[in-house]
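Read the structure below first, then the notes.
Protein chains in written order, with the working numbering: chain A, 365 to 642; chain Z, 211 to 628.
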């Protein structure tokens, strides 16, 4: 594989984790437009730990994920009072707040950015991305996921059958934040330079887009979405100036033809059935 | 050669005319192949420009500039007989895309050197990749302090550090407008603008004994903000003698229009990001002082010829404003590729696939030692930090035109000046 394709796969791995962070929160019926903020926390904290403290990158990522998870839980509590577009706006505000914080945080370079991280390989990124996706696919078959789905489908009914909806929703926020933080840590150590502009609103939108495009009812959908969002614009390079217009058109067409995203449970069942028949 | 009869078969050969012609033809082909093996048929260079995204205007005009240079070079016989091919990739001003583009150009396209990326943010991410791939990358616009220095020996910038420029710009501003106090407003989302607004300008202003009226209360906005009325109202209430606007020109226009609307007609000073024709039209009555290494109305044979050739092409291109003029970054990228061509001609670069690594190293070594290359505004070289040693001008813009007020040089110890 050429170094160019390796870099695209690295980008796809980082985006996959960002998309999964949205997917986990979305599984409880909450839409977060501020996951780039958790990514920023992971990127800055892991970079500080590896550069200033000298910690190896793996424990630095784990510490960053735990820290971001705690912040995610803290953000998750006030978010309980909000639903739908109001929750989306609140998380968007949180994202802008964190970006502004890092702009005005001179200890980590402020708007001038932060350097000094050691470069990590595409294999290392995919060890994390693949590992987290595999765990999530296993969790999707568990009782915990059914409880999350119950909260997603009807929160009141889920509460009436004895589910602790507060714990489920807040936990989803915490776990989603932790996954976004790992995405940020990997981003920082892959690009060896970070600045607040890397973690703006556009980044959060990319996460949501990858989730919705690939399929928001399955973890596998985030994988498809992340790969498409990274590779498609690159494959469209021969049409030069029309590249982004063509990319946008393709996205609209896909969502018109498959509102639920490219992959859903029905498609997966169909594919499995065909394989079984053959 | 001896045959089965024991006689020499060569002696039996009769020199037929057709056979003689065939031999001559084969000899000619062999000689041709020999000369081709000394020099490739095509010299591949790459460029990374933001043809989409927030700096698309600069990226698109950079692309037109490069296509013009490619045509000029090939029409003049190419480089040592080989055709020049410039592969231009769009990074959308996104650092990650710029890094991927460099990998594509270096690994898949096998280019010998790269012009770009444009922004400092993209350069921060791309220059380490240039070092990893052992390929020269020269930015046409990055001027945030220390970006090339961190990524030696393969990173270069055909720009001057904003800190160096401010040391000449601010004293002129102070003297020309009798400035004793200033207010600072900057684009907090733009890394270069924020560095200039928060670090470089305050330090240089203090060194020149100019007080900053909002030192404890920095005024900022974000790229894309359309309403800066609150910030300008605050500035007006502080009544400074002048205003530092640190932002890309397209963002600075928003501030200048608001200053004009509120009647805050005070002289403005800023960095190279302010230089454009469009900014002078936003508030013609407000004097603007900023440094530049090139501007469209610049005098001099090379600069005037460059503008005369490029301007019609820029205006013909769809998607660019009808009144567009060549920018400083067009001049910079033109000089970068011209320096690469000079390096290829003078340092024995073959352009053959087998020599790609050696060729890249030759270009790097040539640039590192470069002195007195004739750019559009005078001689160019590089200092030990990879930044250009070239002439710059402190310009004052008012009523639609830029006028040169001071000529400076970003000279460095042990290097030739301008």
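Beta carbons: idealized from backbone N, C-alpha and C, even for Gly. Predicted model only: the values in this text are computed from it and were never measured.
- The beta carbons of residue 369/Z and residue 604/Z sit no closer together than 8 Å.
- Listed in chain order, the positions of the segment 367-394 of chain A with a beta carbon within less than 7 Å of a beta carbon of chain Z are 367, 368, 371, 372 and 375.
- Taking all protein chains in view, the Cβ of residue 353/Z is crowded by 16 or more other Cβ atoms within 10 Å, so the residue is classified as buried.
- Contact between residue 394/A and residue 533/A holds: CB atoms are separated by about 6 Å, below the 8 Å threshold.
- Between the alpha carbons of residue 615/Z and residue 599/Z lies a distance of about 20 Å.
- Between residue 360/Z and residue 473/Z, the alpha-carbon positions lie close to 44 Å from each other.
- Every unbroken stretch of the beta strand (DSSP E) spanning 3 or more residues and falling wholly within the segment 535-615 of chain Z is given here in chain order: 589-592 and 601-608.
- Chain Z has a Cβ within less than 8 Å of the Cβ of residue 605/A.
- With a minimum length of 4 residues, the unbroken runs of alpha helix (DSSP H) contained wholly in the segment 349-396 of chain Z fall at 372-387.
- For residue 438/Z, the nearest beta carbon of chain A is not closer than 8 Å to its own beta carbon.
- The continuous beta strand (DSSP E) containing residue 454/Z extends over residues 452-456.
- Secondary structure at residue 478/A: strand, using DSSP grouped into helix, strand and coil.
- C-alpha of residue 510/A to C-alpha of residue 458/Z: approximately 51 Å in a straight line.
- The closest CA to that of residue 605/A, considering only 267/Z, 334/Z and 324/Z, is found on 267/Z.
- Residue 402/A counts as buried, since at least 16 other C-beta atoms from the protein chains shown sit within 10 angstroms of its C-beta.
- With a contact defined as Cβ atoms closer than 8 Å, residue 462/Z and residue 482/Z miss out at about 12 Å.
- Taking C-beta separations shorter than 6 Å and ignoring five residues to either side along the sequence, the partners of residue 561/Z in its chain run 250, 253 and 292, following chain order.
- The segment 559-578 of chain Z and the segment 530-546 of chain Z do not touch, with fewer than three beta-carbon pairs separated by less than 8 Å.
- Around the Cβ of residue 408/A, a 10 Å sphere holds 16 or more other Cβ atoms; the residue is buried.
- Using a 10 angstroms sphere on the CB of residue 553/A, the tally of other CB atoms reaches 16 or more, which defines it as buried.
- As for any alpha helix (DSSP H) of minimum length 4 sitting wholly inside the segment 469-524 of chain A, the runs are 486-503, 507-517 and 519-524, ordered along the chain.
- In this structure the segment 440-452 of chain Z touches the segment 419-432 of chain Z; the number of beta carbon pairs closer than 8 Å is three or more.
- Chain-order list of chain A residues neighbouring residue 405/Z: 475 and 476, by C-beta distance under 8 Å.
- About 15 Å separates the beta carbon of residue 388/A from that of residue 548/A, a gap too long to meet the 8 Å contact definition.
- Of all residues in the segment 312-328 of chain Z, those with a C-beta nearer than 8 Å to a C-beta of chain A are 313, 314, 316, 317 and 318, reading in chain order.
- In this structure, residue 456/A and residue 565/A form a Cβ contact; the two beta carbons are roughly 7 Å apart against a cut-off of 8 Å.
- Of the candidates 452/A, 503/A and 438/A, 438/A places its Cα closest to the Cα of residue 537/A.
- At the C-beta level, residue 312/Z and residue 258/Z come within 8 Å of one another.
- With a threshold of 8 Å between beta carbons, residue 264/Z makes no contact with chain A.
- In the three-state reduction of the DSSP assignment, residue 474/Z falls in the coil class, being assigned neither a helical nor a strand state.
- Ranked by how close their Cα comes to the Cα of residue 384/Z, the residues 416/Z, 432/Z and 491/Z have 416/Z in first place.
- Per the Cβ contact rule, the segment 393-407 of chain Z is in contact with the segment 475-488 of chain A (3 or more Cβ pairs under 8 Å).
- Of the candidates 569/Z, 533/Z and 601/Z, 533/Z places its Cα closest to the Cα of residue 271/Z.
- A residue is called buried when at least 16 other Cβ atoms come within 10 angstroms of its Cβ; residue 471/Z does not meet this threshold and is exposed.
- In terms of Cβ geometry, residue 525/A and residue 373/A do not form a close pair [threshold 8 Å].
- Under the Cβ distance rule, residue 557/A counts among the residues neighbouring chain Z, one pair being separated by less than 8 Å.
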